[in-house]
Amino acid sequence: MTAPNVAATNAARQGSGQLNWLLDELVERVASIHKALVLSSDGLATGTSKDLTREDSEHLAAVASGFHSLAKGVGRHFDAGRVRQTVVELDEAFLFVTAAGDGSCLAVLADADSDVGQVAYEMTLMVKRVGAHLANAPRTTGLSAGG
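Count along the sequence shown from 1, then add 13; that gives the number in my numbering.
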């Protein structure tokens, strides 16, 4: 595994100072969490922990957005309500995606032997703690409502 490119990481983190600091604090405080990011509803990383390069944060944000969108579709189709959290179990890690305010999500990668309940709890605390920072409006394309 290669070390993150410091210049790329710093470039990806510009403009989200306080949010980045809070994500760094989450990663440092919860030993099993290694990467954390906040993403907009359209899959853009809006805040990242310091160990994510721009490329990795863009990839993780797109994947997390896709999983969250698919889960919302299940909730709508089967009248099952809002998505609280999506958990993907991989051989070597867990991916957690949690709704975090209007139009945003918090995503973390954690160890495969993580205490899933503890990670979910810590994510819930983070969302409550920084709700104002996590509420992101989706991008607008400048097109009128008619198209």
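Using N, Cα and C, we set each Cβ at its ideal position, and we do this for glycine too.
### Query
Should the region 77-84 be called in touch with the region 110-121, which here means at least 3 C-beta pairs below 8 Å?
Yes, the region 77-84 is in contact with the region 110-121.
### Query
What whole-angstrom Cβ distance do Leu39 and Ile46 have, given they're in contact under 8 Å?
As a first step, residue 39 is located in the sequence shown; it is residue number 26 there, counting from the start. As a first step, residue 46 is located in the sequence shown; it is residue number 33 there, counting from the start. Contact check for Leu39 and Ile46: beta-carbon distance about 6 Å, within the 8 Å limit, so the pair qualifies.
#### Entry: Coarse secondary structure for Leu156, derived from DSSP in three states
Here residue 156 refers to the residue found at position 143 of the sequence shown. At Leu156, the pLDDT of 41 sits below 50, so the modelled position is not reliable and the matter cannot be decided from this model.
### Task
Give a yes or no on contact between the region 92-109 and the region 128-144, applying the rule of three or more CB pairs nearer than 8 Å.
Yes: at least three Cβ pairs fall under 8 Å.
### Residues near Asp128 in its chain [Cβ-Cβ closer than 8 Å; skip 5 each side]
For the purposes of this step, residue 128 is taken as the residue at position 115 of the sequence shown. So the qualifying residues of the chain are Ser45.
### Message
I'd like the list of long-range same chain contacts for Gly56, defined as Cβ closer than 6 Å, with 5 residues on each side in sequence excluded.
### Response
Translated into the one-based positions of the sequence shown, residue 56 becomes position 43. Ala74, Ala75, Ser78, listed in sequence order.
### Message
In whole angstroms, give me the CA-to-CA distance for Arg89 and Lys63.
### Response
Position 76 of the sequence shown holds residue 89. Position 50 of the sequence shown holds residue 63. Roughly 35 Å separates the two Cα atoms.
### Cβ-based neighbour list, Leu103, same chain, cut-off 8 Å, excluding 5 preceding and 5 following
Taking the first residue of the sequence shown as 1, we reach residue 103 at position 90. Only residues of its own chain outside the window of five on either side were considered, and among them Ala125 have a CB closer than 8 Å to the CB of Leu103, listed in chain order.
### Query
Helix, strand or coil: how does DSSP classify Ser29 here?
Here residue 29 refers to the residue found at position 16 when the sequence shown is read from its first residue. In the displayed model, Ser29 falls within coil according to three-state DSSP, outside both helix and strand.
### Task
Just the C-alpha distance for Val143 and Leu32, rounded to the nearest angstrom, thanks.
By one-based count along the sequence shown, residue 143 stands at place 130. By one-based count along the sequence shown, residue 32 stands at place 19. Just so you know, the alpha carbons of Val143 and Leu32 end up roughly 8 Å apart.
### Element boundaries [beta strand (DSSP E), containing Glu102]
Position 89 of the sequence shown, counted from the first residue, corresponds to residue 102. Counting along the chain, the beta strand (DSSP E) containing Glu102 begins and ends at 98-102.
#### Entry: Short Cβ contact (7 Å threshold) for Lys48 with Leu65
Walking along the sequence shown from the start, residue 48 turns up at place 35. Walking along the sequence shown from the start, residue 65 turns up at place 52. A contact, by the Cβ cut-off of 7 Å.
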